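Position in the sequence shown (from 1) plus 987 gives the number in the numbering used here.
By construction, the Cβ of each residue, glycine as well, lies at the ideal position given by its N, Cα and C atoms.
Since this is a predicted model, take the numbers as computed values, not measurements.
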Amino acid sequence: MARRLALHYVPRPSPVHRLDARTKLFAVLAVTCALLRPAGPVFAVATLGLSGVVMAARLPWNLLGRTVRGWLPFLVGIFVVQAFSPAGMGPADLSPAPSTASAVQEGLAFLGSFFPPDAVVRALLTVWRLLLMVLWAVVFTAVTRPRDLQDAVLWLLRPLPFLPARRIAVMAALSLRFFALLLDDLEEIRLARKARLGDRRRNPFHGLRTTVPALFRKALARTESTALALAARGYREDLPARVPPWPLNQATGVCLLAAFLAALHLF
């Protein structure tokens, strides 16, 4: 079940999986920062790069499809809000009813007054940008083990003496894993409701009434089991943690990627 959902690690014998977690983390950060500023070449490179990484990592394409389907209502809402312009609202037209062809043309013109072409283009670019950010994050979690992410965060925060680097690193890895398990629990609850014909009820609040308490109980149980597991393994923040050095060739590659993405904004 975990491999069919987002935010799960998908083990594969691929060169992308074998990369250092810091390399993947900074590469995703570079792409995300480049997407914050609108630029056509950056969007094209990010889209083609995402497809190339998915193929190189041998990830299932339905992983991205399920992610898009899950975010689709949110993206549609953003598109409507961005593209809608009330400037075209005016007094009602009391003229006689036109013919069918002219009615269609007037209907399209009326719709275009509420959704101007330039606003629609801006809304599409916004949705595309957000979708690329989400998909890059999903691919990162699919090719990076939580333990490797913990080491990367620890290496990143260790030079800051006023932050509990080890605690933050452990919490980051556990949060990612915990959220992925909650998605599994939610899918299990959904299948259980479907097996009991609960999905045929027309009242949407009935599904919330049965899903939310069950998910809350499972979340509390997983929290308690995680705390007991940490205590049983003798978790201590004062113990030294060894993080291997970042390979120089991979660090150089990330710097070249950041420079390339920055140069694309000049065109």
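Measure the alpha-carbon distance for residue i versus residue j and round it to whole angstroms.
i, j, result
"residue 1031", "residue 1015", "15 angstroms"
"residue 1106", "residue 1071", "7 angstroms"
"residue 1194", "residue 1068", "28 angstroms"
"residue 1246", "residue 1239", "11 angstroms"
"residue 1141", "residue 1007", "14 angstroms"
"residue 1103", "residue 1009", "43 angstroms"
"residue 1033", "residue 1119", "7 angstroms"
"residue 1049", "residue 1163", "21 angstroms"
"residue 995", "residue 1192", "29 angstroms"
"residue 965", "residue 1143", "Because the chain in this structure spans residues 988 to 1254, residue 965 falls outside the shown range and cannot be described."
"residue 1217", "residue 1117", "36 angstroms"
"residue 998", "residue 1021", "28 angstroms"
"residue 1075", "residue 1012", "With a pLDDT of 46 at residue 1075, under the threshold of 50, the modelled position of this residue cannot be trusted; read the value that follows with caution. If you take the alpha carbons of residue 1075 and residue 1012, they lie about 45 angstroms apart."
"residue 1244", "residue 1024", "16 angstroms"
"residue 1171", "residue 1122", "19 angstroms"
"residue 1019", "residue 1184", "42 angstroms"
"residue 1251", "residue 1001", "29 angstroms"
"residue 1161", "residue 1214", "11 angstroms"
"residue 1063", "residue 1139", "35 angstroms"
"residue 1165", "residue 1115", "28 angstroms"
"residue 1200", "residue 1179", "14 angstroms"
"residue 1061", "residue 1220", "41 angstroms"
"residue 1237", "residue 1003", "12 angstroms"
"residue 1158", "residue 1189", "40 angstroms"
"residue 1111", "residue 1040", "24 angstroms"
Between which two residues does the alpha helix (DSSP H) harbouring residue i extend?
i, result
"residue 1123", "1104-1130"
"residue 1174", "1152-1182"
"residue 1027", "1027-1043"
"residue 1296", "Here the chain comprises residues numbered 988 to 1254, so residue 1296 is not present and cannot be evaluated."
"residue 1014", "1008-1022"
"residue 997", "Here residue 997 belongs to no alpha helix (DSSP H), and DSSP marks it neither H nor E."
"residue 1228", "Residue 1228 -> no alpha helix (DSSP H), and no H or E assigned at all."
"residue 1133", "1133-1144"
"residue 1049", "1048-1070"
Less than 8 angstroms between the CB atoms is what I'm expecting for residue i and residue j, so what's the real figure, rounded?
i, j, result
"residue 1155", "residue 1113", "Between residue 1113 and residue 1155 the Cβ distance is about 31 angstroms, and since that is not below 8 angstroms, they are no contact."
"residue 1029", "residue 1235", "The pair is not a contact, with the Cβ atoms about 27 angstroms apart (cut-off 8 angstroms)."
"residue 1209", "residue 1168", "6 angstroms"
Flag this pair as touching only if the stretch 1119-1135 and the stretch 1150-1158 have three or more C-beta atom pairs under 8 angstroms; answer yes or no.
-> no
Is the number of C-beta pairs between the stretch 1199-1213 and the stretch 1162-1177 that are closer than 8 angstroms three or more?
-> yes
Determine contact between the stretch 1124-1132 and the stretch 1042-1061, defined as no fewer than three beta-carbon pairs at a distance below 8 angstroms.
-> yes
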